[in-house]
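What follows is a set of notes on a single structure, which appears directly below.
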Amino acid sequence: MNFKASDVVMKFKGLTALDGVSLDVAKGEIVGLIGPNGSGKTTLLNVTSGVYSPTSGSFSMGAESWSSISLRDAARRGIRRTFQNIRLFNSLTVLETVEVASAWLGTGDRRENALNALDELHFTQHRDRIATELAYGMQRRLEIARAIAGRLEFLLLDEPTAGLNHGESEEIVTIVQAIRRRRGCGIVIIDHDLNVIMNVCDRVVVLSEGKVIASGPPQEVRRDPQVIKAYLGS
Ligand SMILES: Nc1ncnc2c1ncn2[C@@H]1O[C@H](COP(=O)(O)OP(=O)(O)OP(=O)(O)O)[C@@H](O)[C@H]1O
Ligand SMILES: [Mg+2]
22 MNFKASDVVM KFKGLTALDG VSLDVAKGEI VGLIGPNGSG KTTLLNVTSG
72 VYSPTSGSFS MGAESWSSIS LRDAARRGIR RTFQNIRLFN SLTVLETVEV
122 ASAWLGTGDR RENALNALDE LHFTQHRDRI ATELAYGMQR RLEIARAIAG
172 RLEFLLLDEP TAGLNHGESE EIVTIVQAIR RRRGCGIVII DHDLNVIMNV
222 CDRVVVLSEG KVIASGPPQE VRRDPQVIKA YLGS
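Residue numbering for the sequence shown follows this note's numbering, starting at 22 and increasing by one per position.
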C-alpha cells in the first residue's frame, strides 16, 4: 500500500506555498523531505494530515482517495504526525498525554494503545511524570509516542531533532528505524540535519519554493547541482 499526494497546490492569499507537489511513499519506506526555510515542507505535512485543505490536488492511500480530510479522519486512517514546535498540554502526565491522543482517535483501547506506544519509546518508567516538566529532548520523544499510539500507517515527522544535541539526534534516528521495523509503516521525515537524513532515509525529496526539484537516493540527491544551488541560494 502506498500513500500518494498528487499535484497538490496550497495558496495562502497571494502566496503559493505548494505549487503542484506530488509525493509517493510506500509502507516500510522512509522518505526524507528537505528544502530551504519556507520551501513548503511543513505545509505539505499540514495538507497531508488534514490541518489545511489544499487549494487543489488529491491524496490516496491504497484504494481510498480524497481531496481534503479532517485531522481526525486522517489520524483514524493511520496518517499520524508530530509538529515542528512541541505542543504538550500543561499538567498532564506522560501517560495521560498519550492517552488523550489515543482517546481522541476513538478507536481501540486507549490505555493499551498508550502503554504500548510508551513501551516502544522506552518511556514506561517516566509514565507518571508531568509531561511539560520533562527535559526538552524527552518531550520530543514523547511527541513521537503520542503520534504512534493506535493505528499507524504513515508517520509524518516535522523536524524531530530540532534543538537536540548529537547524542539525542542519534537516539531519534534509532527510534525512527525501530518504529519502521516494528510497525512496517511508511515514514516522512523533515530535518535540517543532513546527517540524520542521510543516515535514516531510503529516498530524499527536495522542495524549493513549493516545487519538488529533486527526488532519489540520498547520496545522489546530495550531489544534485539544483539542490546545491537551492541550498546555497546562488
Ligand atoms: N498558515 C499560513 N498562512 C500564511 N502563510 C503560510 C501559512 N503557513 C505557511 N505559510 C507560508 O508558506 C510558505 C511555506 O511555509 P512552510 O512552513 O511550509 O515552510 P517550511 O519549508 O516548513 O520552512 P521551515 O524550514 O522554516 O520550517 C512560507 O512562505 C510561509 O510563510
Ligand atoms: Mg517547517
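The C-beta atom is built at its ideal place from N, Cα and C for all residues, glycine as well.
DSSP-derived helix/strand/coil call for residue i
i       : result
Asn-23  : strand
Val-37  : Here residue 37 turns out to be Thr, not Val, going by the sequence shown. Strand, per DSSP.
Lys-32  : strand
Leu-54  : strand
Arg-162 : helix
Ser-114 : It is Thr, not Ser, that sits at residue 114 in the sequence shown. In the structure shown, Thr-114 sits in a strand (DSSP, three-state: E or B).
Ile-151 : strand
Arg-102 : strand
Ser-89  : coil
Arg-79  : The question names Arg, but residue 79 is Ser in the sequence shown. Here Ser-79 sits in strand by DSSP.
Ser-255 : Model confidence at Ser-255 stands at a pLDDT of 47, short of 50, so the residue's coordinates are unreliable and nothing is read from them.
Ile-107 : coil
Val-72  : coil
Asp-245 : coil
Ala-96  : helix
Extent of the continuous beta strand (DSSP E) to which residue i belongs
i       : result
Arg-224 : 224-229
Cut-off 7 Å between Cβ atoms - residues of its own chain near residue i, not counting five sequence neighbours on either side
i       : result
Glu-120 : Arg-131, Arg-132 and Ala-135
Gly-158 : Leu-185 and Glu-189
Ala-168 : Arg-101, Arg-102, Thr-103 and Leu-176
Residue range of the unbroken alpha helix (DSSP H) whose run includes residue i
i       : result
Ala-138 : 131-141
Glu-174 : Unbroken run through Glu-174: none, as it is neither H nor E.
Gly-188 : 187-204
Leu-65  : 62-69
Residues bridged to residue i [DSSP beta-bridge criterion]
i       : result
Leu-44  : Ala-26
Ser-179 : In the sequence as displayed, the identity of residue 179 is Asp instead of Ser. Paired residues: Ile-211.
Gly-237 : Val-225
Gln-232 : Strictly speaking, residue 232 in this sequence is Lys, with Gln absent from that position. The partner list for Lys-232 (beta bridge, DSSP) reads Ser-229.
Same chain, Cβ closer than 6 Å to residue i, neighbours up to 5 away in sequence not counted
i       : result
Ser-255 : Note that Ser-255 scores 47 on pLDDT, short of 50, meaning its location in the model is unreliable; the coordinates nonetheless yield the value given after this. There are no such residues.
Thr-37  : Gly-231
Contacts around residue i, its chain only, beta-carbon distance under 8 Å, and the 5 residues preceding and following it disregarded
i       : result
Asn-220 : Val-194
Ile-218 : Gly-53, Ile-55, Ile-210, Asp-212, Val-225 and Pro-239
Arg-162 : Leu-142, Phe-144, Glu-192, Ile-193 and Ile-196
Ser-295 : Past the edges of the chain, shown from 22 to 255, lies residue 295, and the structure says nothing about it.
Ala-199 : Glu-141
Okay, do the stretch 154-167 and the stretch 201-216 touch, 3+ Cβ pairs below 8 Å being the bar? With contact defined as three or more Cβ pairs closer than 8 Å, the stretch 154-167 and the stretch 201-216 are not in contact.
Say whether the stretch 81-89 touches the stretch 234-251, bearing in mind that this needs 3 or more beta-carbon pairs closer than 8 Å, one atom from each stretch. The stretch 81-89, when compared against the stretch 234-251, does not touch it at the 8 Å Cβ threshold.
Give every residue whose Cβ lies closer than 6 Å to any heavy atom of ligand 3, listed in chain order. For ligand 3, the structure offers nothing, since it holds only ligand 1 and ligand 2.
If you pair each beta-carbon of the stretch 59-79 with each one of the stretch 25-45, do three or more pairs fall below 8 Å? With the rule of 3 Cβ pairs closer than 8 Å, the stretch 59-79 counts as touching the stretch 25-45.
Count Cβ pairs between the stretch 122-130 and the stretch 217-235 that sit closer than 8 Å; are there 3 or more? The stretch 122-130, when compared against the stretch 217-235, does not touch it at the 8 Å Cβ threshold.
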